[in-house]
Every structure is written in C-alpha cells, then in structure tokens.
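**Q** Residue numbers (our numbering), protein chains in the order written: chain G, 617 to 721; chain F, 617 to 721. The structure follows.
There are 2 protein chains.
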Amino acid sequence: MAEEEGLTELELAIYALVSNFFKYVSKRSLVRNKISKSNLRKMLQKEFPHMLTDTRNRKAADKLIQNLDANNDGLISFEEYWTLIGGITSPIAKLIRQQEQQNCD
Amino acid sequence: MAEEEGLTELELAIYALVSNFFKYVSKRSLVRNKISKSNLRKMLQKEFPHMLTDTRNRKAADKLIQNLDANNDGLISFEEYWTLIGGITSPIAKLIRQQEQQNCD
C-alpha cells in the first residue's frame, strides 16, 4: 500500500485492514463487497500466518468462522470481517503487548 | 513500533492497533487493561485525526462512545475499543477503498 501523506500510523493500520478486505472480496459474487468463506480461510492463512501458528489460535479462528456461518448468507461483510479479526486478536492482545515490550528492551 | 521480523503487513497493522490500546490504558485505574472514556476521546483526536475530520464521522464516533457508556463501568476494554474502531471504519470503508485506488492510479 502506498503511504498516504500525513496519515498517522494508526490510520495507515486501518487503511491496510480495509485494503485487505477488498483484496479478498469475491469478484464472482452477485452480492457486492463481501468475502466468501473459502476466501476468508485463504486470507487468514496468507495474511495472518504468525497469529495463527498456535493450534489454540487456529482452533479459535475456525470456531469464529463457524459462528459467522450461522448468518447463513455464506458471505462475510466488512463488519463481520472486523469482528472476526477482533475475535482472533483479543485473546492474544496481552501476548502481543508482551512481545512488543521485549522487542523494545 | 519496531518492525518485528517476518510479520506480514496485516499483522503489523494489528500489532499497531494493539499497542495503541495499551498506550492509552489508564495507569491510575484499579481495573487493569481498560481505557477511561476521557483517554478514549483523546486517543481518537490524536491518532485518528483524518478519519474524524468530517463532522458526520465525528458525530458518529461520539454516538458510538455514548453507546459504550451504556456499559456503565466507565472503562473501555480491548473488545469495546475494537468494536468502536470498527464502527468508525465501517461506514467509510468504501471511501477509504476509493482513496486507495486513486493513489494507485
């Protein structure tokens, strides 16, 4: 992603997450701006490899995707994508924080 | 934030959002790992200035913070923080996408 002038680090982070969503939006789907479940799984494997190396995290992600399935339209909206990533991140947020602090030592 | 070796752009984006949460965690609070509402407002002004320049976005953010207030503990957990940022981003996701595409032209 090109660095937009003047955006903060946090805004760039959000832009990256938005771009990533649209990168995986199903082009074949008649419903616009949604990701298919199969594309979502591909995305998690490719874009979040380190966050899902732990088996527990991978199982948690699978469970979260299954819960999204419950919506029954088989496609993931931006809101659902955001919720999913939050659901993966939230249980490991403290761990990420610890890693960050170690890197700063 | 130091760039952790081997992390993808998306993982770095998430790490930045996690770091930002802990940066604003109230140090005085007895409840750990939560952000006070006043710190949350400061954070939004400082870290997301371009995303909230539009009056409509700012009003939407205010409304979202008020809704978080409804939880009544007066402190924002990581999950609530994630939901809030998703709530700000979601309505402007398409706009962000358009800006990105213009920058790539």
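All residues carry an ideal CB built from backbone N, CA and C; glycine is no exception. Quick caveat, the model's predicted, so the values are computed rather than measured.
To the nearest angstrom, report how far apart Tyr631 (chain G) and Asn655 (chain G) are at their CA atoms.
**A** Spanning the two alpha carbons is a distance of roughly 20 angstroms.
**Q** Measuring alpha carbon to alpha carbon, tell me which of G:Ala629, G:Thr705 and G:Ser652 ends up nearest Asp689 (chain G).
**A** Residue G:Ser652 is the option with its Cα nearest to Asp689 (chain G).
**Q** Specify, as a first and last residue, the run of the alpha helix (DSSP H) that Asn636 (chain G) falls within.
**A** From DSSP, the alpha helix (DSSP H) with Asn636 (chain G) extends over Glu625 to Lys639.
**Q** Pop quiz: Met667 (chain G) and Ile708 (chain G) are said to be a contact at Cβ under 8 angstroms. What is the actual Cβ separation, rounded to whole angstroms?
**A** The pair is a contact, with the Cβ atoms about 7 angstroms apart (cut-off 8 angstroms).
**Q** Can you check which of these residues, G:Gln717, G:Phe638 and G:Ile704, is closest to Glu627 (chain F) by C-alpha distance?
**A** With distances taken between Cα atoms, Glu627 (chain F) lies closest to G:Ile704.
**Q** What residue from F:Asn649, F:Met659, F:Gly622 and F:Lys639 has the CA that sits closest to Glu695 (chain F)'s CA?
**A** That would be F:Asn649, whose Cα lies nearest to the Cα of Glu695 (chain F).
**Q** Ordered along the chain, which non-local residues of its own chain (more than five positions away) have a Cβ less than 7 angstroms from that of Val641 (chain F)?
**A** Same-chain partners within the cutoff: Asn649, Lys650 and Ile651.
**Q** Could you confirm whether any beta carbon from chain G is found closer than 8 angstroms to the beta carbon of Leu691 (chain F)?
**A** So, not an interface residue.
**Q** For chain F, is any of its Cβ atoms less than 8 angstroms away from the one on Glu806 (chain G)?
**A** Outside the displayed span of chain G (617 to 721) sits residue 806 (chain G), for which this structure offers no information.
**Q** Measure the C-alpha to C-alpha separation of Met617 (chain G) and Gln682 (chain F) and round it to an integer number of angstroms.
**A** Confidence is the limiting factor: at Met617 (chain G) the pLDDT is only 39, short of 50, which leaves the residue's position unreliable and the question unanswerable from this model.
**Q** With DSSP as the reference, label Ser654 (chain F) as helix, strand or coil.
**A** Three-state DSSP puts Ser654 (chain F) in a helix.
**Q** Looking at C-alpha atoms only, which residue of F:Ser635, F:Lys679 and F:Leu684 is the closest neighbour of Gln718 (chain G)?
**A** That would be F:Ser635, whose Cα lies nearest to the Cα of Gln718 (chain G).
**Q** Buried or exposed: where does Thr699 (chain G) fall if 16 or more other Cβ atoms within 10 Å of its Cβ makes it buried?
**A** The residue is buried, with at least 16 neighbouring Cβ atoms inside 10 Å.
**Q** Is there a Cβ from chain F that is less than 8 angstroms from the Cβ of Ile681 (chain G)?
**A** Taking Cβ atoms only, chain F never reaches closer than 8 angstroms to Ile681 (chain G), which makes this a no.
**Q** For Leu660 (chain G) versus Ala677 (chain G), is the C-beta spacing smaller than 8 angstroms?
**A** The answer is yes: Cβ separation under 8 angstroms.
**Q** Run through chain F and tell me which residues come within less than 7 angstroms of Ala629 (chain G), C-beta to C-beta.
**A** Result: Ala629, Ala632 and Leu633.
**Q** Since Phe638 (chain G) and Tyr697 (chain G) are thought to touch, with beta carbons under 8 angstroms apart, how far apart are those beta carbons, to the nearest angstrom?
**A** No, Phe638 (chain G) and Tyr697 (chain G) are not in contact; Cβ-Cβ is about 10 angstroms, not under 8 angstroms.
**Q** Between which two residues does the alpha helix (DSSP H) carrying Thr705 (chain F) extend?
**A** Where Thr705 (chain F) is concerned, the enclosing alpha helix (DSSP H) stretches over Phe694 to Thr705.
**Q** Helix or strand or just coil, what does DSSP make of Leu711 (chain F)?
**A** If DSSP states are grouped into helix, strand and coil, Leu711 (chain F) belongs with the helices.
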